[in-house]
Amino acid sequence: MTFGTPMISDMIIKLAEKTTERHRGKIGQFYTFEEISHHNQRHDFWTIINGKVYDLTDYLMMHPGGYNLLFKQGGRDGTHDFEGMFHSRNAKAILEKFYIGKVLPSQTHVLPHPSHSNDNNSLSPFKVPTSIHPKSHIKSTTTTTPTTSTTTTATTNLSTDINMSTSTSSLQPPLEIELIQAKIISKTKLTPDTYNYQLEIDDKYKHLNWISPLTHVSLSSVDLYKDIGFKSYTPIRQSNNVLEFLIKGYENGTISKLIHNSKPGDYLMLKGPIQTSQSFEIQVSSSPQSPSFLLLIAGGTGITPMLQVLYDKLNQQKERVCNIVLIYSNKTREDIIWREQLDQLKQQFGTHLYIHYVLTANQSPIVEPMMDTTTTVESFNRLSKYHYGRINEDMILSCLEPILAQGIIFTLSDALVCGPVEFNRFISDQLFSIGYSLNKIHLLE
């Protein structure tokens, strides 16, 4: 049987050429484990697969499972994990494009673990400053907080425990990762290009941690010989053995186009659950005198991991419910995904949840009627408030006004940001400007 030549995009080819140019004259040389172990940072990332050395620095942001999924193997031998998960011929062909050399044969196959200080700084998307100067009306709890580790693994489940005063994170037993077929049992149009899908999995897999915060799966065709690879999606809810997704179609998106051309009764290949594991500790205070708020900022389909967090944190016991501010950006009002359900959550959890919709298209402002004529914080929260333009420092502060209206000095907890790469980078700069320590800003890309 002939399977044809693997298809590699022009963008990846250009990235590979950049890597080759960087190692010109040195391709194929031997490296010691000691040398390789130093290349474990986001801007300098090597790994070993089957005795070969690959420089994946330029490819990290293109990885279907997100760049975080690869960090565990930075400067180390990643053969076990690579072989342990399904990879198409296409993926293996892409890997070979970034080949730079071999491991010195005399070396034993044991790599030193990076030091803790190296973990904290090299694996984080940012360098953490020694001090910050937050806005005067917001307290910062992060001045002396050490850098938060963003070490990533496909087999670790992060559990966040919200207490009355603070919360702590702990590592739980490894996630099981399965490669299974899932049946599409429902497909509902939400926006012009986004659908709500319900996928049915076998009962024996329903116990897995499919929707724990920051968990995703990879989807592909059931015909693996098509070699079109996998693409990551976030399940937002689970009911028994049914997983629910919000998936947007893209004209140039091979997997999303495949999914959008599918209909109820069709099957997809599903790999997961995969823990994105942006490991962080949420320092949330539930004290009415000095509350703290978790800030979520999403663009477009970046809302899906935020929904995981919302459903998880807001369904805690009443006395432990997390305080959350969600800022959600879309091009037009019609593009807002899951709007009705978000508004229902807002009504259900009152002042524990503030939602602000941002519209970036140039259109006339939309004024929606107040549900009552009072000017309390509660009524303000019930009003669907729109902001217009690009999210920036001033807009973020204006979204905090309903909290400031209570006359309480509150603290800044963690901020989760999910959207396109440039969106994430811009938002992180704006958050830093208003007083967020960079180790409290978590980018989901």
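So in UniProt numbering, spot 388 of the sequence shown is number 388, and the numbers just go up one at a time.
All C-beta atoms, glycine included, are put in the ideal place defined by N, C-alpha and C.
A quick note: this is a predicted structure, and the numbers were derived from the prediction, not measured.
Taking every protein chain shown into account, the CB of K231 has 16 or more other CB atoms within 10 angstroms, so this residue is buried. With respect to the 9 Å criterion, W46 and I100 are classified as neighbours on the basis of their beta carbons. Between the C-alpha atoms of E334 and F30 there is a straight-line separation of about 56 Å. Distances from the CA of L431 to each of P402, V421, L404, I391 were compared; the closest alpha carbon is that of I391. Collapsing the DSSP output to three states places C399 in a helix. Between the alpha carbons of E251 and H442 lies a gap of roughly 29 Å.
By the neighbour-count criterion, in which 16 or more other beta carbons inside 10 Å mark a residue as buried, H39 falls on the buried side.
A Cβ-Cβ contact shorter than 9 Å links K263 with K187.
L310 is a Cβ neighbour of I324, given a cutoff of 9 Å.
Comparing C-alpha distances from I185 to each of Q198, T194, D58, L246 shows the shortest one belongs to Q198.
For the 9 Å CB-CB criterion, Y233 and S218 form a contact.
Residue state for F293 is assigned as strand, using DSSP reduced to three classes.
Remark: C-beta atoms of L294 and D414 approach each other more closely than 9 Å.
A direct Cα-to-Cα measurement between W338 and Q73 gives close to 36 Å. Take the alpha-carbon of G272 and the one of L444: they are about 18 Å apart. In the displayed model, T57 falls within coil according to three-state DSSP, outside both helix and strand. Sequence-distant partners of Q181 (beyond 5 residues in either direction) whose C-beta falls short of 8 Å from its own C-beta, in its chain, are V222, Y267, L268, M269, L270.
Each of C418, L104, A91, L190 was checked against the Cα of G302, and the nearest Cα belongs to C418. Per the coordinates, the alpha-carbon of T360 lies some 39 Å from the alpha-carbon of K92. For F45, the beta-bridge partners assigned by DSSP are N40.
Per the DSSP secondary-structure output, G272 pairs in a beta bridge with E178. Leaving aside the five residues that flank F349 on each side, the residues in its chain whose CB is nearer than 6 Å to its CB run, in chain order, L314.
Per DSSP, the continuous alpha helix (DSSP H) segment holding Y311 begins and ends at 303-314. Counting along the chain, no beta strand (DSSP E) covers V222, and no H or E run does either.
For T19, the enclosing alpha helix (DSSP H) starts and ends at 10-22. Excluding residues up to 5 positions away in sequence, W210, I211, V217, L243, E244, F245 lie with their Cβ nearer than 7 Å to the Cβ of P235 in the same chain. DSSP places N424 within a helical segment (H, G or I) once states are collapsed to three. Shown here, D77 sits in a strand according to DSSP, grouped into three states. Taking the Cα positions, I27 is about 36 Å away from S256. Taking C-beta separations shorter than 7 Å and ignoring five residues to either side along the sequence, the partners of T191 in its chain run E334, D335, I337, following chain order. Beta-bridge annotation (DSSP): R237 is paired with E244.
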